[in-house]
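Chain order of the listed sequences is P and X.
Following this note's numbering, the numbering of the first sequence begins with 1 at its first residue and continues without gaps.
Following this note's numbering, the numbering of the second sequence begins with 217 at its first residue and continues without gaps.
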Amino acid sequence: MTLFPCPPELQSLARLFWHEEMASTVRHHVRNKLSSVRNSIFYIRRKVQEDTQLVRDDPRVGQFFQLIETELEACSSALTMQLPPVGEAALIDLKQAAADLLRKLVFPPGTSVEVSAAPSTTALIAPSELELALFFVLEYAVARKAGVLHLATASSTAKEAALELSGPLPPGSSTPGLKIAKRIVSRWSGRVEEGRGPNGDWLLTLWLPREAKVNP
Amino acid sequence: MSQRSVLLVDDDLGGRLALAGVLEDAGYQVIEAESLAEARKQLKALPFALAVLDVELADGQGPELIAELVRAHPGIAVAILSGNDAATYPGAHVSLVKAMPTQELLNQLELAIVGVAR
């Protein structure tokens, strides 16, 4: 389930979000197809309505168009269902949350994480979801054979708190876990940016809201 | 009619064909592209008033085009039409989820064009 060991409660939550990720992939695919059907029907209905004789002679033509619309609406509504927030949102001290998570993890040889002494910053998010997002970000770095990583709060603004993970990172591909981390952060109206820091090292920043503006 | 030109970027053939048909029927002139590369080739095909971008494309993400579109057509309205769960995209004038009612979609696109033109 995860690329390196983590506590059972985190494994359970990871499993839940794996399922949500799969559901999201299905939702995406079905929406594409529903969209084609819906727009096609809209087009055909317009054309048929121009042929007033057809609509007048057979009332079922109009009824069936209405039925299709109703069924499509029901399908679209079903696709809006998403995993509800896991726990209540709370103001979390990001540095403390990172330190708490790191105490629970055993990294493979060669990888370690240093938490910097930068001032602490708070963000509004469900604690367990933040923990899982952080775990998947770290898992991504481990999968990329990271060496010594630095975790710090930095560059925060009045509305957003930033948590940065940086270090030398060999080239490599993304992980499904990173996608989940991005989904979690996005659920709470945040975002994840990946790029290079001032010293050229890999830098991944989690931007999290400091105030309530919740997506889930 | 040049102010009604649309660049439609979507790698889903069925979705692209159906939406292009609806847009043309509503009076727009539509140029279709199935990838970022093709969209870049078509970037100056017409003085576009609107771009409708899918998010997940074979060679990248639709929103990557936003800056180039705005540079090429300063008055363009950019709509993201995604199969993903609701999300916002920086630089886009409107972010829509696929499979919404077609008339509502047309209304939203029209509003985006009018909003940018103001």
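Cβ atoms here follow ideal geometry from the backbone N, Cα and C, with glycine treated the same way.
For residue i, the three-state DSSP class (helix, strand or coil)
i	result
Pro209 (chain P)	strand
Thr153 (chain P)	strand
Arg191 (chain P)	strand
Thr318 (chain X)	helix
Val113 (chain P)	strand
Ser174 (chain P)	coil
Ile292 (chain X)	coil
Ala146 (chain P)	coil
Val222 (chain X)	strand
Gly197 (chain P)	coil
Thr70 (chain P)	helix
Gln258 (chain X)	coil
Ala89 (chain P)	coil
Gln245 (chain X)	strand
Ser166 (chain P)	strand
Thr25 (chain P)	helix
Ala234 (chain X)	helix
Gly276 (chain X)	strand
Ala253 (chain X)	helix
Thr52 (chain P)	helix
Leu281 (chain X)	helix
Val30 (chain P)	helix
Ala265 (chain X)	coil
Leu3 (chain P)	coil
Ala99 (chain P)	helix
Val185 (chain P)	helix
Leu204 (chain P)	strand
Val37 (chain P)	helix
Buried versus exposed, by CB contacts within 10 Å (16 or more), residue i
i	result
Leu218 (chain P)	Since the displayed chain P opens at 1 and closes at 216, residue 218 (chain P) lies outside it and no answer follows.
Glu193 (chain P)	exposed
Ala133 (chain P)	buried
Pro279 (chain X)	buried
Met217 (chain X)	Any reading at Met217 (chain X) must be qualified, since the residue scores a pLDDT of 40, below 50, and its modelled position is unreliable; no value is offered.
Asp114 (chain P)	It is Glu, not Asp, that sits at residue 114 (chain P) in the sequence shown. The residue in question, Glu114 (chain P), is exposed, as its Cβ has fewer than 16 Cβ neighbours within 10 Å.
Pro8 (chain P)	exposed
Ser12 (chain P)	exposed
Ala283 (chain X)	exposed
Val234 (chain X)	It should be noted that the sequence gives Ala, not Val, for residue 234 (chain X). Ala234 (chain X) should be labelled buried.
Lys182 (chain P)	buried
Gln319 (chain X)	exposed
Lys159 (chain P)	exposed
Arg46 (chain P)	exposed
Leu101 (chain P)	buried
Thr304 (chain X)	exposed
Asp301 (chain X)	buried
Glu131 (chain P)	buried
Phe136 (chain P)	buried
Gly172 (chain P)	exposed
Leu138 (chain P)	buried
Ala98 (chain P)	buried
Whole-Å CB distance - residue i paired with residue j, under 8 Å assumed
i	j	result
Arg210 (chain P)	Thr80 (chain P)	Their Cβ separation, rounded to whole angstroms, is 27 Å, which puts Arg210 (chain P) and Thr80 (chain P) out of contact at 8 Å.
Glu88 (chain P)	Ala141 (chain P)	With a Cβ gap of about 29 Å, Glu88 (chain P) and Ala141 (chain P) do not count as contacting.
His309 (chain X)	Ala328 (chain X)	5 Å
Arg31 (chain P)	Val286 (chain X)	Between Val286 (chain X) and Arg31 (chain P) the Cβ distance is about 27 Å, and since that is not below 8 Å, they are no contact.
Ala236 (chain X)	Glu248 (chain X)	6 Å
Leu204 (chain P)	Trp188 (chain P)	About 17 Å; that fails the 8 Å criterion.
Arg38 (chain P)	Ala315 (chain X)	6 Å
Pro170 (chain P)	Arg144 (chain P)	6 Å
Contact test: residue i Cβ vs the ligand MG heavy atom, cutoff 6 Å
i	result
Lys182 (chain P)	In the structure on display, the ligand MG does not appear, and there are no ligands present to speak of.
Within 9 Å of chain X by C-beta, residues of the stretch 19-39 of chain P in sequence order: Ser24, Arg27, His28, His29, Val30, Arg31, Asn32, Lys33, Leu34, Ser35, Ser36, Val37, Arg38, Asn39
contact_flag[the stretch 217-231 of chain X, the stretch 176-196 of chain P] where n(CB pairs < 8 Å) is 3 or more: no
At least 3 beta-carbon pairs within less than 8 Å: the stretch 229-242 of chain X vs the stretch 192-206 of chain P: no
Residues within the stretch 294-305 of chain X neighbouring chain P, beta-carbon criterion of under 7 Å: Gly299, Asn300, Asp301, Ala303
Segment contact flag, the stretch 262-269 of chain X with the stretch 288-297 of chain X, C-beta cutoff 8 Å, min 3 pairs: yes
Segment contact flag, the stretch 68-75 of chain P with the stretch 99-107 of chain P, C-beta cutoff 8 Å, min 3 pairs: no
The stretch 20-29 of chain P / the stretch 153-164 of chain P touching (three or more Cβ pairs under 8 Å): no
The stretch 223-239 of chain X: positions lying closer than 8 Å to chain P by Cβ: Asp228, Gly230, Gly231, Leu233, Ala234, Leu235, Gly237, Val238
Residues within the stretch 63-93 of chain P neighbouring chain X, beta-carbon criterion of under 9 Å: Glu69, Leu72, Glu73, Cys75, Ser76, Leu79, Thr80, Gln82
The stretch 180-198 of chain P: positions lying closer than 8 Å to chain X by Cβ: Ser186
Against chain P: residues of the stretch 257-288 of chain X by CB proximity under 7 Å: none
Chain X contacts from the stretch 41-60 of chain P (Cβ-Cβ distance under 7 Å): Phe42, Tyr43, Arg46
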